[in-house]
Amino acid sequence: MFSLRIVTTDHYLATPIPGLDVTRSEFRGTEVKKVPILRIFGSTPAGQKTCMHVHGVFPYLYVPFDGTHPEERYMKQFAASLDKALNVGNGMAKANFQHVFKISLVSGIPMYGYHHKEEAFMKIYLYNPFSVKKAADLLLGGAVMNKSFQPHESHIPYQLQLFIDFNLYGMNMINVAAVKFRHRNIKGFLLLMISLLRYMIEGFPNIGTNPGLAALWEDERQRRRDRGEDSQLEPQDSQGISLYL
11 MFSLRIVTTD HYLATPIPGL DVTRSEFRGT EVKKVPILRI FGSTPAGQKT
61 CMHVHGVFPY LYVPFDGTHP EERYMKQFAA SLDKALNVGN GMAKANFQHV
111 FKISLVSGIP MYGYHHKEEA FMKIYLYNPF SVKKAADLLL GGAVMNKSFQ
161 PHESHIPYQL QLFIDFNLYG MNMINVAAVK FRHRNIKGFL LLMISLLRYM
211 IEGFPNIGTN PGLAALWEDE RQRRRDRGED SQLEPQDSQG ISLYL
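The sequence shown: position 51 = 61 (the numbering used here), numbered continuously.
Shown next as structure tokens:
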């Protein structure tokens, strides 16, 4: 198990690395040119500064699926239409760039309006996190399949999607089952470089009512244990305040 305190995150696009990234989209039947990679900067429990590269995480959004068309054929037509709309929106109407990695059929409760049961949705995975907002605008505006679609969860930033899916919190620890260490090409470079796949991340089912402080309290407990003191933390009584009117 490898643990890292989450201090800050960012992301970038890169050429896929065999063994770490997908190199082919089975849904599209094409080779993958660029993939998104998340970076998490922080430190290990031992204090080693670390840059963690997380592979296999794609940004996504949802749109309702009415079920009136054959699933696989319709989703492929939908992906091609969204690709074209994004290319036109980027000022490259004649380009054939693919922006959609894959589309899968899922079910859930719509967040808009009142619904008493789950409905079908298409979960659209994109290559570029910066394409999500533009894709949502095009879907809502009727530029895809000549129909207006209500996007869901398109407002959630790419990094935050990872945090939500795996119950992660800033300044808390991310635990992973296995990592791959990168070679350092810069002499004297002290930052530990590691890579891992999405499925290696261990989620936390429940870490308290104030998860942002959980790791800080655990640090204090560890400091007390190192000093041979009682690690049981008791809340201090607040001082009484008298108000005079």
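We treat Cβ as the ideally placed atom computed from N, Cα and C, and that holds for glycine.
If you draw a straight line from the C-alpha of residue i to the C-alpha of residue j, how long is it?
i	j	result
residue 166	residue 237	43 angstroms
residue 172	residue 38	24 angstroms
residue 235	residue 51	27 angstroms
residue 161	residue 229	41 angstroms
residue 251	residue 241	For residue 251, the predicted model reports a pLDDT of 47, less than 50, meaning its position is unreliable and no value from the coordinates is stated.
residue 233	residue 127	49 angstroms
residue 158	residue 227	48 angstroms
residue 149	residue 115	17 angstroms
residue 2	residue 83	The question about residue 2 has no answer, for the chain in this structure spans 11 to 255.
residue 142	residue 164	6 angstroms
residue 183	residue 72	29 angstroms
residue 100	residue 231	53 angstroms
residue 170	residue 94	28 angstroms
residue 119	residue 23	32 angstroms
residue 64	residue 81	31 angstroms
residue 28	residue 140	24 angstroms
Closest by CA to residue i, which one among the options?
i	options	result
residue 10	231, 234, 240 and 206	Within the shown structure, residues of the chain are numbered from 11 to 255, placing residue 10 beyond reach of any answer.
residue 16	113, 53, 175 and 28	53
residue 66	148, 21 and 184	21
residue 202	113, 239 and 192	192
residue 36	113, 101 and 208	113
residue 79	139, 130 and 140	130
Going along the chain, which residues of its own chain have a beta-carbon closer than 6 angstroms to the beta-carbon of residue i, five neighbours each way excluded?
i	result
residue 12	186 and 189
residue 41	34
residue 26	33, 42 and 45
residue 204	62, 189 and 191
Are there 16 or more other CB atoms within 10 angstroms of the CB of residue i, so buried, or fewer, so exposed?
i	result
residue 75	buried
residue 77	exposed
residue 19	buried
residue 10	An answer regarding residue 10 cannot be provided, because it is not within the stretch 11 to 255 covered by the chain.
residue 168	buried
residue 69	buried
residue 92	buried
residue 117	exposed
residue 209	exposed
residue 14	buried
residue 211	buried
Which residues in the same chain have their Cβ closer than 7 angstroms to the Cβ of residue i, if we skip the five residues on either side of it in sequence?
i	result
residue 97	103, 105 and 107
residue 144	96 and 99
residue 147	none
Once you ignore the five residues that flank residue i on each side, which residues in its own chain have a CB closer than 8 angstroms to its CB?
i	result
residue 198	With a pLDDT of 49 at residue 198, under the threshold of 50, the predicted position of this residue should be treated as unreliable, and no value is reported.
residue 239	none
Is the segment 105-125 touching the segment 169-186, taking contact as three or more C-beta pairs under 8 angstroms?
no
Say whether the segment 52-67 touches the segment 124-142, bearing in mind that this needs 3 or more beta-carbon pairs closer than 8 angstroms, one atom from each stretch.
no
Evaluate contact between the segment 43-54 and the segment 116-131, counting only Cβ atoms and requiring at least three cross-stretch pairs below 8 angstroms.
no
Would you check if there are 3 or more beta carbon pairs closer than 8 angstroms linking the segment 84-99 to the segment 142-158?
Below 8 angstroms, enough C-beta pairs join the segment 84-99 and the segment 142-158 to call them touching: three or more.
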